[in-house]
Amino acid sequence: MLLVDDNDLMRTLLRSILRSSQYDVIGEARNGVVALELAERLRPDIICMDVMMPEMGGLEALQAIKAMHPETVVVMVTGSPSVDNVRESIQGGAGGFIIKPFNAGKVVDTLSRAWQSSGRAVLQ
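All letters in the sequence shown, in the order written, are residues 8 to 131 by our numbering.
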């Protein structure tokens, strides 16, 4: 799992939720530019990525990551869900959407459903 969010507190919160749910967080990034580098180097199964970030936003990074690694499951995270953001995320290949503020159950459920719908093996 790769976490991508420009907010340190959000990454810390997500990391805590995911580690307590047996997910292995292998990297973190503050923007889409670093996310692309880490996606290429670490090859995560799942990326949990904020929509709005400096330098390169999540929607632009989503398109680049899916072009390089179409098998990677990407779940978008946003505090301001607009119809356009959701539509662009789904068209770009996002496997799910998490709306801030979120709770642990919502995060784990969304990631699990996105993983299962990708047709890959069930996470252990």
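We put the CB at the ideal spot given by N, CA and C, even for glycine.
Note that this is a predicted model, so its numbers are computed, not measured.
task: Report yes if the CB atom of residue 21 is closer than 8 Å to the CB atom of residue 46, and no otherwise.
output: Translated into the one-based positions of the sequence shown, residue 21 becomes position 14. Translated into the one-based positions of the sequence shown, residue 46 becomes position 39. Contact flag unset, no.
message: If I measure Cβ to Cβ from residue 31 and keep anything under 7 Å in the same chain, skipping five residues before and after, which residues do I get?
response: Residue numbering aside, residue 31 sits at position 24 when the sequence shown is read from its first letter. Closer than 7 Å at the Cβ level, and outside the excluded window around residue 31, lie 8.
- prompt: For residue 32, which of helix, strand or coil comes out of DSSP?
  reply: In the sequence shown, counting from the first residue as 1, residue 32 sits at position 25. Looking at residue 32 - three-state DSSP - the assignment turns out to be coil, as it is neither helix nor strand.
query: Relative to the alpha-carbon of residue 71, which residue among 87, 84, 96 has its alpha-carbon at the smallest distance?
result: Reading the sequence shown from its first residue, position 64 is the one you call residue 71. Checking every option, the nearest Cα to that of residue 71 belongs to 96.
message: For the pair the stretch 106 to 125 and the stretch 84 to 91, tell me if three or more CB-CB distances fall below 8 Å.
response: yes
- prompt: Going by C-alpha distance, which of 115, 76, 116, 67 is nearest residue 57?
  reply: As a first step, residue 57 must be located in the sequence shown, where it is residue number 50. With distances taken between Cα atoms, residue 57 lies closest to 67.
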